[in-house]
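Below is one structure, written out as structure tokens, with a few remarks after it.
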Amino acid sequence: MSTTSRKRLWAGGLSVAAAVALAAGLVAAVPGAERSPGGFTAPDISLVVASPEVTLQQWEDADGRRYVDLGGLGAYVGVEGGPLELRATRALGAEQVRVQQFVHDGVRVIRKDLPAGLVTDLGGLPGFTEITFIGADGEAVATSRETFCPNNASARIDPGAVPVPRYPEQCHDGPFTLGMVWGVEKGWATNTSAGLTSVPLPLATGRYTARISVAEKYRELFGIADEPQTVKVNVTPPDPAPNPAVDPAPGRASAHSAHSAHSAHSGDSGALSGAAGRGTAEDSSYPPAVPEVPHALKQPARAALKLLGDGPGYTDGSRFAPRAKAAAARPAGPPVVPAHVPKPDLRALPVWDIAVETERRGEPEGRDHLAFASTTWNSGDSPLVVDGFRQSGKPLMDAYQYFYDARGRQAGHAPTGTMEWDPRVGHNHWHFTDFAAYRLLTEDRKEALRSDKEAFCLVNTDAVDYTLKRADWRPSGTDLSSACGQGEPQALSIRQSLAVGSGDTYSRDLPGQSFDITDVPNGTYWIQVVANPSGRLHEKSLANNNAYRKIVLGGRPGARTVTAAPLGADLTG
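Heads up: the sequence shown runs through residues -23 to -1, 1 to 550, numbered per mature numbering (1 follows the signal peptide of the UniProt record, and there is no 0).
Spelled out as structure tokens, the structure:
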């Protein structure tokens, strides 16, 4: 392709989209996007608003300071012509992020590298929109620059658009997120605000005009017209009493957060930015991104909505997925492990959020515990699917791994241990017994301690690498109630799975996520995580199942300390 045609391809459509009344379901006509001579259609991106006037209610923090969230402005990035698709990648422990735009013609793909340094994490496009609030005197009183996550809460603006988007539901930015796919389908629009994870504004009550624009660097990059939108804004005081059904405090985890304690991605002026903000008193990494509560669901009028998650023609932007069903009956006939079908490939990641604790739930008092969080993920070609079938009269299930061909048809099965009911506080669900193991090793790699944790609930809590060829961008089983039979000790069968590209994270506060180091001398050690420790699960390779994190123990009894090596010093294999 010539230089000229490439330039034309990436110029994008510069047409002006009329305002879209999304709340009323009205659709604006948008001229067609430019189509390159080679047949590729670049997305025609425009900034639209749902309503010319909105009301934003303040919320109050513990110190009495009042703020407003910007998701209620109803500003959207609309896409026509072709989908907007971006893929962001980075190496394990690295700071540099590479982002490519993908343009499709249905068969072929053209990739374009975005400028180096434009994106600093996997949480979205920083400084994409600028929102300025102008007072009655015409003076600007507040400005916010928002990170744009294309995977945020979205809605259709074209009746002929696909009913359910294929792209992921959040822009995950954990310390071990290696690859994210960001996208807006053709005929869809995505809210410009990150909702609860955006940076709130300390805006006083009163009437304002909000001027919303796309930053010049992104207009030039994506061919977006310089057409700022304005919205009349009425800022009202908070309710006298808090609404128990809605917690508007930013950064709160969704009720569907599963068994990982996440922290939220922040906007440009926030404190957290995933890999870029490492270096806490306890450890040198941040946990994975929180499944965000979408702005729509924190509004009092919609708090009771039953339509959580996604369905035909709607999405709430949350990471709630329906429960996967186990097979109708335990498999009959001899085990069959097909040799030439796609298989999962489990990989352990180095532990993180490391700390020494003297008090832990369910543990004896007066002991020192080395606590940590861990993630194990599936980098293979097929999901890990394990069904449990109850043994008569026992809180135990026989577990079977299932195998599928390239078309997703079941091709075999094999017994693979058991599932057991765990009634402890913090669990109260079914655990699979052959997923991972923890060991504390001396500096020369000899075993010092072995964790008594031997069972796990498989949940797709985190995106690790969605750029893999067979990655599932919208996995099921993303919370305990849908994945592990939460509160169902009488279940007869259950399915647990780990999708390609997703990881299962256990936060350090959960039982079993620690070693008792009371009698362990100070010194240098390794924390080892082993995926598939017994080798009962059938996967592509066993050579990449180990991860190590180097630590140094110090201090005195009752006041022990731990220092973790930077992520770049970790070993995996």
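Just so you know, even glycine gets a beta-carbon here, dropped at the ideal spot from N, CA and C.
Look at the alpha carbon of residue i and the alpha carbon of residue j, and state the distance between them as a whole number of angstroms.
{"i": "residue 360", "j": "residue 212", "result": "48 Å"}
{"i": "residue 111", "j": "residue 77", "result": "36 Å"}
{"i": "residue 326", "j": "residue 122", "result": "34 Å"}
{"i": "residue 27", "j": "residue 180", "result": "21 Å"}
{"i": "residue 82", "j": "residue 18", "result": "7 Å"}
{"i": "residue 515", "j": "residue 394", "result": "12 Å"}
{"i": "residue 353", "j": "residue 118", "result": "47 Å"}
{"i": "residue 149", "j": "residue 177", "result": "20 Å"}
{"i": "residue 157", "j": "residue 484", "result": "22 Å"}
{"i": "residue 24", "j": "residue 206", "result": "7 Å"}
{"i": "residue 466", "j": "residue 387", "result": "28 Å"}
{"i": "residue 608", "j": "residue 70", "result": "In the structure displayed, the chain extends from -23 to 550; residue 608 sits before or after that span and is not available."}
{"i": "residue 472", "j": "residue 101", "result": "33 Å"}
{"i": "residue 308", "j": "residue 421", "result": "45 Å"}
{"i": "residue 312", "j": "residue 48", "result": "52 Å"}
{"i": "residue 638", "j": "residue 51", "result": "Residue 638 falls outside the range modelled here, since the chain spans only -23 to 550, and no answer is possible."}
{"i": "residue 185", "j": "residue 210", "result": "5 Å"}
{"i": "residue 401", "j": "residue 340", "result": "12 Å"}
{"i": "residue 409", "j": "residue 521", "result": "21 Å"}
{"i": "residue 509", "j": "residue 99", "result": "28 Å"}
{"i": "residue 347", "j": "residue 543", "result": "18 Å"}
{"i": "residue 487", "j": "residue 413", "result": "15 Å"}
{"i": "residue 499", "j": "residue 338", "result": "24 Å"}
{"i": "residue 97", "j": "residue 171", "result": "17 Å"}
{"i": "residue 140", "j": "residue 444", "result": "23 Å"}
{"i": "residue 95", "j": "residue 115", "result": "33 Å"}
{"i": "residue 392", "j": "residue 382", "result": "18 Å"}
{"i": "residue 278", "j": "residue 31", "result": "Residue placement at residue 278 is flagged as unreliable, the pLDDT there being 32, under the threshold of 50; the coordinate-derived value follows with that caveat. If you take the alpha carbons of residue 278 and residue 31, they lie about 15 Å apart."}
{"i": "residue 356", "j": "residue 507", "result": "15 Å"}
{"i": "residue 143", "j": "residue 80", "result": "15 Å"}
{"i": "residue 345", "j": "residue 73", "result": "37 Å"}
{"i": "residue 53", "j": "residue 370", "result": "55 Å"}
Pull up the CB-CB distance for residue i and residue j, whole angstroms please, since I reckon it's below 8 Å.
{"i": "residue 539", "j": "residue 201", "result": "Rounded, the Cβ-Cβ distance is 48 Å, inconsistent with contact."}
{"i": "residue 373", "j": "residue 505", "result": "Going by Cβ atoms, the distance from residue 373 to residue 505 rounds to 28 Å, so no, they are not a contact pair."}
{"i": "residue 358", "j": "residue 377", "result": "With a Cβ gap of about 20 Å, residue 358 and residue 377 do not count as contacting."}
{"i": "residue 350", "j": "residue 482", "result": "6 Å"}
{"i": "residue 120", "j": "residue 103", "result": "Incorrect: roughly 15 Å between the Cβ atoms, too far for contact."}
{"i": "residue 134", "j": "residue 166", "result": "5 Å"}
{"i": "residue 501", "j": "residue 529", "result": "5 Å"}
With a threshold of 7 Å on Cβ separation, who are the neighbours of residue i within its own chain once the five nearest residues in sequence on each side are excluded?
{"i": "residue 342", "result": "336"}
{"i": "residue 379", "result": "362, 364, 387 and 390"}
{"i": "residue 155", "result": "66, 67, 69, 441 and 442"}
{"i": "residue 368", "result": "374 and 375"}
Buried or exposed, going by whether 16 or more other CB atoms sit within 10 Å of the CB of residue i?
{"i": "residue 86", "result": "exposed"}
{"i": "residue 428", "result": "buried"}
{"i": "residue 287", "result": "Low per-residue confidence applies at residue 287: pLDDT is 39, beneath 50, and the placement is therefore not dependable enough to give any value."}
{"i": "residue 106", "result": "buried"}
{"i": "residue 92", "result": "exposed"}
{"i": "residue 442", "result": "buried"}
{"i": "residue 131", "result": "buried"}
{"i": "residue 470", "result": "buried"}
{"i": "residue 462", "result": "buried"}
{"i": "residue 216", "result": "exposed"}
{"i": "residue 320", "result": "buried"}
{"i": "residue 411", "result": "buried"}
{"i": "residue 314", "result": "exposed"}
{"i": "residue 384", "result": "exposed"}
Might you give, ordered along the chain, the residues of its own chain that have their beta carbon closer than 8 Å to the beta carbon of residue i, omitting 5 neighbours on each side?
{"i": "residue 137", "result": "164"}
{"i": "residue 84", "result": "none"}
{"i": "residue 491", "result": "334, 337, 340, 346, 347, 348, 349, 428 and 485"}
{"i": "residue 430", "result": "414, 415, 488, 489 and 490"}
{"i": "residue 435", "result": "361, 363, 409, 412, 454, 460, 461, 473, 474, 475 and 481"}
Can you name, in chain order, every residue of its own chain whose Cβ lies under 6 Å from the Cβ of residue i, other than the five neighbours on each side?
{"i": "residue 447", "result": "358 and 477"}
{"i": "residue 90", "result": "77"}
{"i": "residue 63", "result": "76, 78 and 159"}
{"i": "residue 416", "result": "424, 427 and 505"}
{"i": "residue 214", "result": "35 and 182"}
{"i": "residue 43", "result": "35 and 37"}
{"i": "residue 396", "result": "365, 374, 376, 407 and 409"}
{"i": "residue 161", "result": "56, 61, 127 and 167"}
{"i": "residue 524", "result": "325, 326, 327, 506 and 549"}
(request) For the stretch 367 to 423, list the beta strand (DSSP E) runs that are entirely contained and at least 3 residues long, ordered along the chain. (result) 373 to 381, 387 to 399, 406 to 409 and 413 to 419
(request) Can you check the stretch 333 to 364 for any alpha helix (DSSP H) of at least 4 residues that lies completely inside it and give the ranges in chain order? (result) none
(message) Give the list of continuous alpha helix (DSSP H) stretches no shorter than 4 residues that lie fully inside the stretch 444 to 495.
(response) 457 to 460
(request) Mind listing, in chain order, the continuous beta strand (DSSP E) runs of no fewer than 3 residues lying wholly within the stretch 127 to 197? (result) 131 to 133, 156 to 161, 165 to 168 and 183 to 191
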